[in-house]
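**Student:**
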Amino acid sequence: MWTIKSAFGPSYKTVSIDLGSGKTLVGEETYNADFAAVFYDVDLKLVTQELDTFKLGRATFHDENWHKSLRLDTVGNWFALPVKESSYSKLLLANRTNKMHQDTTFSPLELRYDSLWRAKHDDIPVYLYTGTSTIDSIRMNNIFVTYDYRIGYSEPFTFFVQSVEYLLDPISGRVKTKKVFERKEK
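In structure tokens:
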């Protein structure tokens, strides 16, 4: 009985990642599993050498080595932690002044609601194919995301890769579309 319970969880642990410069990323991990997959639900916070604590948010990973792929960026007055969940990338933010936190999930299925994207395209990514997103880079207040998505409900399907540049609002931490690059058929 113990073997089954330990295999499927839940089990808990705290993971501390030294980021240098007096910063430590702390993840409160909850492990669960079913017959198809494993889930590492992690509440993330940043602790500075002054012992200030900044809540970054929550992410779900499917790899026990989730902590090895994290990198912390500073964007203006925000700590920014890009994370790759199952198919989508997410940006976790914490304001360095007021400690407000904000997160944004980049889903290709949400492109249909983006006015700049819609101005270029008459078709929309279909919900039957979830697609993927990857945060490629963060430079100053600019966030570059690449999407992989499908157009068409029936064959022949058309698959595209497309990059979008976002601008981070320095006050709210919300992202706004700055530029939609040309898409390329896969």
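Each residue of the sequence shown is one higher than the last, beginning at 0 in numbering that gives the first Met the number 0. Ideal Cβ placement from N, Cα and C applies to all residues, glycine included.
1. The ligand FMN heavy atoms versus the CB of Trp77: any closer than 7 Å?
2. From Thr103, Leu127, Gly172, Pro107, pick the residue whose C-alpha is nearest to that of Arg57; which is it?
3. Rounded to the nearest angstrom, what separates Val179 and Arg70 at their Cα positions?
4. Compare the C-alpha of Phe53 against each of Val41, Asp33, Trp77 and name the closest.
5. Who are Thr13's beta bridge partners in DSSP?
6. Would you tell me roughly how many angstroms separate the C-alpha atoms of Asp168 and Val174, rounded to the nearest one?
7. Alpha carbon to alpha carbon, how far is Arg149 from Glu49? Give it in angstroms, no decimals.
8. Compare the beta carbon distance of Phe143 and Glu164 with 8 Å and say whether it is the shorter of the two.
9. Fully enclosed by the segment 49-76, which beta strand (DSSP E) runs are 3 residues long or longer?
10. Quick check: the Cα distance between Ala93 and His100, rounded to an integer number of angstroms?
11. Taking the C-alpha atoms as reference points, what is the distance between Thr133 and Thr59?
12. Look up Glu109 in the DSSP assignment and say whether it is helix, strand or coil.
13. Going by Cα to Cα distance, which pick from Met139, Ser136, Tyr128, Val74 is closest to Thr157?
14. Return the first residue and the last residue of the beta strand (DSSP E) that Ala93 is part of.
15. Look at the Cβ atom of Phe105, then the Cβ atom of Ser85, and state whether they are nearer than 8 Å.
16. Is it buried or exposed, Tyr39, if we count other Cβ atoms within 10 angstroms and call 16 or more buried?
**Tutor:** Based on what the coordinates show:
1. As far as ligands go, the structure on display features none, and thus does not contain the ligand FMN.
2. Within the sequence shown, numbered from 1, the residue matching residue 57 stands at position 58. Among Thr103, Leu127, Gly172, Pro107, the Cα nearest to that of Arg57 belongs to Thr103.
3. The count along the sequence shown starts at 1 and reaches residue 179 at position 180. The count along the sequence shown starts at 1 and reaches residue 70 at position 71. One C-alpha to the other measures close to 25 Å.
4. Residue numbering aside, residue 53 sits at position 54 when the sequence shown is read from its first letter. It is Trp77 whose Cα lies nearest to the Cα of Phe53.
5. Taking the first residue of the sequence shown as 1, we reach residue 13 at position 14. DSSP, once it has assigned bridges, lists Glu27 as partnering Thr13.
6. Indexing the sequence shown from 1 puts residue 168 at position 169. Indexing the sequence shown from 1 puts residue 174 at position 175. Between Asp168 and Val174, the C-alpha separation is close to 6 Å.
7. For the purposes of this step, residue 49 is identified with residue 50 of the sequence shown, where counting begins at 1. For the purposes of this step, residue 149 is identified with residue 150 of the sequence shown, where counting begins at 1. Each residue's alpha carbon lies about 47 Å from the other.
8. Reading the sequence shown from its first residue, position 144 is the one you call residue 143. Reading the sequence shown from its first residue, position 165 is the one you call residue 164. Yes.
9. 52-60, 72-74
10. The count along the sequence shown starts at 1 and reaches residue 93 at position 94. The count along the sequence shown starts at 1 and reaches residue 100 at position 101. Distance between the alpha carbons of Ala93 and His100: 4 Å.
11. As a working mapping, residue 133 is identified with position 134 in the sequence shown. As a working mapping, residue 59 is identified with position 60 in the sequence shown. When rounded, the distance between both Cα atoms is 15 Å.
12. Along the sequence shown, one-based indexing puts residue 109 at 110. In the structure shown, Glu109 sits in a helix (DSSP, three-state: H, G or I).
13. In the sequence shown, the residue the question calls residue 157 occupies position 158. Taking only the C-alpha atoms, the option nearest Thr157 is Tyr128.
14. Here residue 93 is taken as the residue at index 94 of the sequence shown, counted from 1. From DSSP, the beta strand (DSSP E) with Ala93 extends over 88-94.
15. On the sequence shown, position 106 is the one that residue 105 refers to. On the sequence shown, position 86 is the one that residue 85 refers to. Result no, Cβ atoms of Phe105 and Ser85 do not sit closer than 8 Å.
16. Position 40 of the sequence shown, counted from the start, is the residue given in the question as residue 39. Buried.
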